[in-house]
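Whatever position you read off the sequence shown (first residue = 1), add 82 for our numbering.
We put the CB at the ideal spot given by N, CA and C, even for glycine.
The structure displayed is predicted, hence computed values, not measured ones.
The block underneath contains the structure these notes are about, expressed in structure tokens.
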Amino acid sequence: MVNDPIGDLLVRIKNGGSAKKAEIRVSCSRMKEAILKILSGAGYVAGYELREKSGRKELVVKLKYDSHSVHAIKGVKRMSTPGCHIYISSSEINQRIRGRDKLGIISTSHGVVSHYEAKKQGLGGKFLAIIW
């Protein structure tokens, strides 16, 4: 049993890219699917699809590489963990996520969104992770 499913998803993507895998498989949840939608839209993964195997749903994530076989995700930092939740307001977003090549993932009252979308809508929430 995994204690931190979001952290597990992000680390599997990062480690799969380091091992030059074409795709990885993770168990399905709505939160993971929302995070993958953000990563796919931002260009960090090539795509994902939902498959059913032996009556269980799983997400198959297609990893993305550049022309020199370098993985699109260079690093991942999990912010909120099951034991320590970190919440940020919309005014704190730019202070917490510095750098143009970074993507913050925030769980808001309007669903899981990127930090760009949260800032645009003036939303705060649980700060899930930073990806670069």
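Quick check: the Cα distance between residue i and residue j, rounded to an integer number of angstroms?
i	j	result
H150	K102	12 angstroms
L185	S122	12 angstroms
W214	K135	32 angstroms
E105	Q203	33 angstroms
F209	Y198	13 angstroms
Y147	V195	24 angstroms
H167	S189	11 angstroms
S191	D90	23 angstroms
What distance in whole Å lies between the Cβ atoms of residue j and residue i, which are believed to be in contact at a cut-off of 8 angstroms?
i	j	result
Y130	L118	5 angstroms
G206	S172	5 angstroms
V143	V108	7 angstroms
G193	A116	6 angstroms
Any idea what DSSP makes of residue i, helix, strand or coil?
i	result
V143	strand
G165	coil
Y126	coil
H197	helix
S173	helix
R138	strand
I179	coil
Using a threshold of 8 angstroms, state whether the C-beta atoms of residue i and residue j are closer than that.
i	j	result
L141	K159	no
V127	I95	yes
L92	A211	yes
I170	R178	yes
N97	P164	no
I187	I120	yes
Among the candidates the options, whose CA atom is the shortest distance from the CA of residue i?
i	options	result
I155	R107, D183, H192	D183
K139	D90, C110, H167, S189	C110
G99	H167, G157, G137	G157
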